[in-house]
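Undergrad: First, the structure itself, so that you have it in front of you.
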Amino acid sequence: MITKEMLQTKTERPLHMSFDEFLAWADENTHAEWVNGEIIVFKPVKHIHQATLGFLYRLLGLFIDLFQLGKIRMAPLGMRLEKSTAVREP
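So for the sequence shown, my numbering puts the first residue at 576; every next one is plus one.
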């Protein structure tokens with residue numbers, strides 16, 4: 576079992592686990608993706624990134640709602656296509 580403390584230390588080898596293990600391991604505060612069994616952990620984002628993301632989300636959201644084009648999502652939200660071997664964030 577891979578703990579969050581293990582991820583905080585710098586490792587040279589990539590971390591691997593099954594998809595089910597990844598789902599059990601990653602909570603809503605974990606900023607990571609699962610790609611072909613490998614865990615990719617991301618650094619925390621900066622304030623300017625979040626401010627820009629919020630602005631673009633609102634702007635695109637209004638456009639998409641106005642023209643009924645679908646839905647817009649933003650991280651953190653793990654997404655997996657039916658036949659994919661990866662869980663990615665938008």
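Backbone N, C-alpha and C define an ideal beta-carbon position, used for all residues, glycine too.
Note that the structure is predicted; figures quoted are calculated from it, not measured.
Where does Glu613 sit, in a helix, a strand or coil, going by DSSP?
TA: Correct three-state label for Glu613: strand.
Undergrad: Where does Ala599 sit, in a helix, a strand or coil, going by DSSP?
TA: Note: Ala599 maps to helix in three-state DSSP.
Undergrad: In angstroms with no decimal places, state the Cα-to-Cα distance between Glu613 and Ala601.
TA: Approximately 13 Å between the Cα atoms of the pair.
Undergrad: Kindly list the residues whose CB is nearer than 6 Å to the CB of Asn604, restricted to its own chain and excluding five residues on each side of it in sequence; keep chain order.
TA: Here the set comprises nothing.
Undergrad: Measuring straight from C-alpha to C-alpha, what distance separates Leu644 and Arg663?
TA: Between Leu644 and Arg663, the C-alpha separation is close to 22 Å.
Undergrad: Once the 5 residues before and after Pro589 are set aside, which same chain residues still bring their CB inside 6 Å of it?
TA: Within the same chain, Pro589 has close Cβ partners Glu613.
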